[in-house]
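Presented below is the structure to which this report refers.
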Amino acid sequence: MPEQPGKNAIEVRGVRKVFGAGDAAVAALDTVSVSIRENEFFTLLGPSGCGKTTLLRLIAGFDYPSAGEILLYGDDIALLPPFKRPVNTVFQSYALFPHMTVSQNIGFGLEMLGKPKAEVKARVAEMLKLVRMEHLASRRTSQISGGQQQRVALARALAPQPKVLLLDEPLSALDYKLRKEMQIELKRLQNQTGITFIFVTHDQEEALTMSDRIAVMSSGKILQVGSPWDIYDKPADRFVADFIGETNFLTASIAGIENGKARATLKSGATITASVADGFQPKGEATVVVRPEHAKLVKGKAELSGTVENVVYFGTDTHIHVRLDGSDDLFIVRQQNARSAGCGFETGDKAGIAIGDDAAQVLRD
Amino acid sequence: MAKSFSIRHQPGFTTIAAVCFVALYMPIIVLVVYAFNEAPSTSEWGGFSLKWFQSASQNAQVIDATLRSFQIAAIAATLATIAATMAALATTRTPPYPGLTFKYAMINQPLMVPEIVTGVALLIFFSRIKIFTGYSGLGYLIAAHTAFCIPFAYLPIRARLENMDLSLERAAADLYATPWQAFRRVTLPLLWPGILAGLMLAFVISLDDVVITEFVKSGGQDTLPTYMLGQIRRGITPEINAISTAFLLLSVVIVTLFFFVSRKRD
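So the protein sequences, as listed, match chains H and U.
Quick note: the first sequence, position 74, residue 217 per this note's numbering, numbers continuous.
Quick note: the second sequence, position 43, residue 47 per this note's numbering, numbers continuous.
Now the structure itself:
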């Protein structure tokens with residue numbers, strides 16, 4: 144992956160975080176390194192317990208790393224208390240101050256920074272406008288809805304103009320429709336303010352739709368960092384491929400790597416081209432993944448063949464489960480639906496699965 | 005539809021409840037009624053009068069004991085509340101850690117140890133100090149009251165803190181508040197009803213104490229309850245009823261305030 148220009152807002156270098164001691168010690172973060180660029184919408188994605196929230200807390204200063212450095216525009220902030228870091232957080236529970244009004248909440252950070260009253264007032268007004276909450280400025284935070292609380296939490300964290308904004312699963316408490324709205328709202332705010340966002344979520348769809356880049360985490364490690372396209376189309380290993388979207392795993396013997404492409408010979412005897420990550424030299428057998436929508440079900444012969452076992456209608460598309468000949472593996476093909484037309488296959492049909500030139504990826508495991 | 009089980013519909017429920025209420029409140033009602041007795045008797049009615057209230061309010065010993073009670077209660081409750089607030093902050097504002105339960109037990113120990121044991125222990129302990137220092141003022145009573153008031157002040161404060169999200173202080177720190185500013189601007193305003201409730205509870209508990217006070221006090225250091233106890237030994241007049249009634253009224257007022265304060269902003 145070529146290094147893109149632009150400054151790094153945050154550089155995490157070899158950070159470890161160990162909880163407990165002796166035999167009970169657990170590494171919540173196992174030597175993690177990652178660079179987050181200026182003005183980027185960066186997402187830490189992974190299942191619960193993967194270390195994403197721990198990493199966020201280390202950047203915020205609510206906890207300190209056991210080893211390693213965290214640089215903010217080149218300065219090591221790893222051991223600074225939170226009130227000395229020009230970084231603000233939107234909490235999962237919002238953590239709005241219940242004894243203050245919406246305006247007082249938004250102005251709190253600026254007040255603590257010792258800004259003059261007039262400046263605080265002007266900035267609060269600006270923030271209220273930015274999150275469209277002018278009409279509720281003097282309400283108590285207990286008198287507004289969850290979505291409105293979310294906006295106040297955002298305005299409060301953005302008001303002191305932090306160098307980096309940290310968001311800890313801020314949308315998880317909202318219902319589906321409101322969540323979709325807030326996803327767009329967050330993107331808008333990020334574009335408008337130009338602040339670097341670090342967003343933590345376990346929701347892969349949320350990560351794909353919002354992020355400039357994503358770091359996929361599991362068991363305290365970062366497995367892959369890349370654009371949503373990279374992560375989805377070129378997963379580096381089995382965990383990433385499995386965690387993000389649906390995938391078919393195939394075993395193949397790899398030969399003839401050239402320009403990032405390899406010839407992969409499947410068990411059926413068919414050979415397909417599969418892309419290989421930079422610098423990765425698979426030897427012999429490896430796992431190849433094909434996304435369900437990158438394969439095509441055809442009548443007659445193709446790279447793979449099998450028997451249709453199940454046809455599942457999803458509205459926008461249809462998932463067809465095919466039991467592969469000569470093995471027990473299921474292969475799922477997703478086909479876009481057309482109006483007033485079936486997918487053309489029924490349970491029990493023999494079918495071929497066509498895998499195009501740019502449909503497969505060799506995994507690193 | 006089958007009726008769901010309700011204890012209120014079991015046979016005898018109303019009777020038992022009535023007996024309990026009578027046993028609880030009847031003696032108090034009788035005591036209050038006889039405070040207004042014209043005759044110098046706590047059992048024979050001789051007409052309505054306020055003379056016992058008048059005589060109690062002019063009794064130099066009663067006034068002296070009352071003032072002392074208030075003085076001790078005010079100082080001890082304040083000191084106990086400060087200590088309890090700090091203890092509550094220390095035991096709730098961090099994630100749970102091993103040894104925390106032990107600390108709870110240590111703080112609440114005065115609730116478990118029989119008062120008479122504490123009384124005897126303090127008597128022996130303080131008498132040594134008296135010999136060494138020669139000091140025999142109210143300090144001993146204040147120290148003793150502070151000690152047994154701490155758990156009573158601690159409980160409502162801790163209850164309030166436990167309902168307060170830890171992330172509030174984190175948010176304050178994240179928004180550039182130093183630990184002291186975070187405490188002043190976020191923790192303290194939210195904790196205030198709990199602190200007031202703890203203070204009032206401690207005040208009432210101190211005001212009411214007999215056993216420990218009886219052991220710790222030096223000569224001429226009667227509080228209102230120990231004075232009343234002393235009077236009863238010499239034969240009762242309705243003046244005791246009048247003092248008790250005034251005392252009761254004060255406690256009811258404070259406990260009612262406590263109730264409203266601790267319910268506030270929940």
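Each residue gets a CB set at the ideal place from its N, CA and C atoms; glycine is no exception.
Keep in mind that this is a model prediction, so the values were computed, not measured.
Next on the checklist: If contacts are defined as beta-carbon pairs under 8 Å, then R164 of chain U and A176 of chain U qualify, I think. What distance do you get, rounded to the angstrom?
Outcome noted: Contact between R164 of chain U and A176 of chain U does not hold, since their C-beta atoms are separated by about 17 Å, which reaches or exceeds 8 Å.
Next on the checklist: Helix, strand or coil for N182 of chain H? Go by DSSP, reduced to three states.
Outcome noted: Correct three-state label for N182 of chain H: coil.
Checklist entry - If you measure from the beta carbon of S266 of chain U to each beta carbon in chain H, is any gap under 9 Å? => result For S266 of chain U, the closest Cβ of chain H is not nearer than 9 Å.
Item to check | N182 of chain H versus H:A494, H:S246, H:C486, H:L332, residue with shortest Cα-Cα distance | outcome: Closest by alpha carbon: H:L332.
Checklist entry - Given T196 of chain H, which residues of its chain have a CB within under 7 Å of its CB, disregarding the five upstream and five downstream residues? => result Short of 7 Å from the beta carbon of T196 of chain H, and not among the five residues preceding or following it, lie these beta carbons of its own chain, in chain order: D311, V343.
Item to check | Nearest-angstrom Cα separation, counted from G50 of chain U out to E42 of chain U | outcome: Straight-line Cα distance between these residues: approximately 5 Å.
Item to check | Nearest-angstrom Cα separation, counted from I11 of chain U out to F17 of chain U | outcome: Their backbone Cα atoms lie some 7 Å apart in a straight line.
Checklist entry - Can the beta-carbon of T510 of chain H be found less than 9 Å from the beta-carbon of A350 of chain H? => result A question about residue 510 of chain H goes unanswered here, because the residues of chain H that appear run from 144 up to 508.
Next on the checklist: Which residues in chain U have a C-beta closer than 9 Å to the C-beta of S209 of chain H? List them in chain order.
Outcome noted: Ordered by position in chain U, no residue passes the 9 Å Cβ test against S209 of chain H, which lies about 17 Å from the chain.
Checklist entry - Since F386 of chain H and Q347 of chain H are thought to touch, with beta carbons under 8 Å apart, how far apart are those beta carbons, to the nearest angstrom? => result Confirmed, Cβ separation roughly 6 Å.
Item to check | chain U contacts made by the stretch 213-226 of chain H, where a contact means CB separation under 8 Å | outcome: Within the stretch 213-226 of chain H, those residues whose Cβ lies closer than 8 Å to any Cβ of chain U are, in chain order, P224, P225, F226.
Next on the checklist: For the beta strand (DSSP E) containing N41 of chain U, name the first residue and the last one.
Outcome noted: Element bounds for N41 of chain U: n/a, residue is neither H nor E.
Next on the checklist: DSSP three-state label for S255 of chain U, please.
Outcome noted: Shown here, S255 of chain U sits in a helix according to DSSP, grouped into three states.
Next on the checklist: Here's a check: name, in chain order, each residue in its chain whose Cβ is nearer than 6 Å to the Cβ of A438 of chain H, leaving out the five neighbours to either side.
Outcome noted: Within the same chain, A438 of chain H has close Cβ partners V476, I496, I498.
Checklist entry - By the criterion of Cβ-Cβ separation under 7 Å, what are the contact partners of Y101 of chain U in chain H? => result Those do not exist, as Y101 of chain U stays about 11 Å from chain H at its closest Cβ, beyond 7 Å.
Checklist entry - Can you tell me the Cα-Cα spacing of E324 of chain H and I374 of chain H, whole angstroms? => result Looking at the backbone, the Cα of E324 of chain H and that of I374 of chain H are separated by about 24 Å.
Checklist entry - T232 of chain H CB to nearest chain U CB: under 9 Å? => result T232 of chain H counts as touching chain U.
Checklist entry - To the nearest angstrom, how far is it from the Cα of V356 of chain U to the Cα of V121 of chain U? => result As displayed, chain U neither begins before 5 nor continues past 270, which places residue 356 of chain U out of reach and without an answer.
Checklist entry - Start and end of the beta strand (DSSP E) containing K439 of chain H? => result Counting along the chain, the beta strand (DSSP E) containing K439 of chain H begins and ends at 438-441.
Checklist entry - Within 9 Å (strictly less), CB to CB, does G289 of chain H reach chain U? => result Not an interface residue.
Next on the checklist: Just checking: is the beta-carbon of I153 of chain H within a distance shorter than 9 Å of some beta-carbon in chain U?
Outcome noted: So, not an interface residue.
Checklist entry - Hey, is P118 of chain U's beta-carbon within less than 9 Å of any beta-carbon in chain H? => result P118 of chain U is outside the set of residues whose beta carbon lies under 9 Å from a beta carbon in chain H.
Item to check | Exposure label - C24 of chain U; buried when at least 16 CB within 10 Å | outcome: C24 of chain U counts as exposed, since fewer than 16 other C-beta atoms from the protein chains shown sit within 10 angstroms of its C-beta.
Checklist entry - Does any C-beta atom of chain H lie closer than 9 Å to the C-beta of R174 of chain U? => result With 9 Å as the cut-off, R174 of chain U counts as an interface residue toward chain H.
Next on the checklist: Please identify the residue among U:Y139, U:S266, U:S255 whose C-alpha is closest to the C-alpha of A77 of chain U.
Outcome noted: Distance from the Cα of A77 of chain U is smallest, within the candidate group U:Y139, U:S266, U:S255, for U:S255.
Item to check | Cβ neighbours of S73 of chain U in the same chain (closer than 7 Å, five flanking residues each side left out) | outcome: Here the set comprises L211, T227, L228.
Next on the checklist: Strictly below 7 Å CB to CB, what residues from chain H border A181 of chain U?
Outcome noted: By Cβ distance, chain H contributes F226, M255.
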